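Asker:
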Amino acid sequence: MNHTGTTLTIEAAAAKKPQNAARIKFYTEQRRVDFGRYLFRTAERIRAERAAQNKESKTK
Numbered sequence: 039m040n041h042t043g044t045t046l047t048i049e050a051a052a053a054k055k056p057q058n059a060a061r062i063k064f065y066t067e068q069r070r071v072d073f074g075r076y077l078f079r080t081a082e083r084i085r086a087e088r089a090a091q092n093k094e095s096k097t098k
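Position one of the sequence shown corresponds to residue 39 (our numbering), numbered consecutively onward.
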């Protein structure tokens, strides 16, 4: 996952409006964290589904 494009726009926005810099950085950090959580939850769900499928195929 490449964040350089995002980072550049954040830096540009922060440079344009210094009073918003902290809020902009916090917001993007928050989005990154949320995205990480989303990926983790998706992975967990897929693992659970595969485990269930494996159990079904073993019982047949």
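C-beta atoms are modelled at their ideal positions from N, C-alpha and C, and glycine is treated no differently. In this text the structure is predicted, and so the values were computed from the model without any measurement.
1. Starting from Q102 and walking both ways along the alpha helix (DSSP H), at which residues does that stretch end?
2. Per DSSP, what kind of secondary structure is N40 in: helix, strand or coil?
3. Quick one: Cα of T67 to Cα of I48, how far?
Answerer: Here's the rundown:
1. An answer regarding residue 102 cannot be provided, because it is not within the stretch 39 to 98 covered by the chain.
2. Sequence index remark: in the sequence shown, residue 40 carries index 2 (1-based). Confidence in N40 is poor, its pLDDT being 49 and thus under 50, which makes the residue's placement unreliable; the coordinate value appears in the next sentence. DSSP, read as helix, strand or coil, puts N40 in coil.
3. Working through the sequence shown from its first residue, we reach residue 67 at position 29. Working through the sequence shown from its first residue, we reach residue 48 at position 10. Residue 67 is actually Glu in this sequence, not Thr. Looking at the two C-alpha atoms, the distance is approximately 11 Å.
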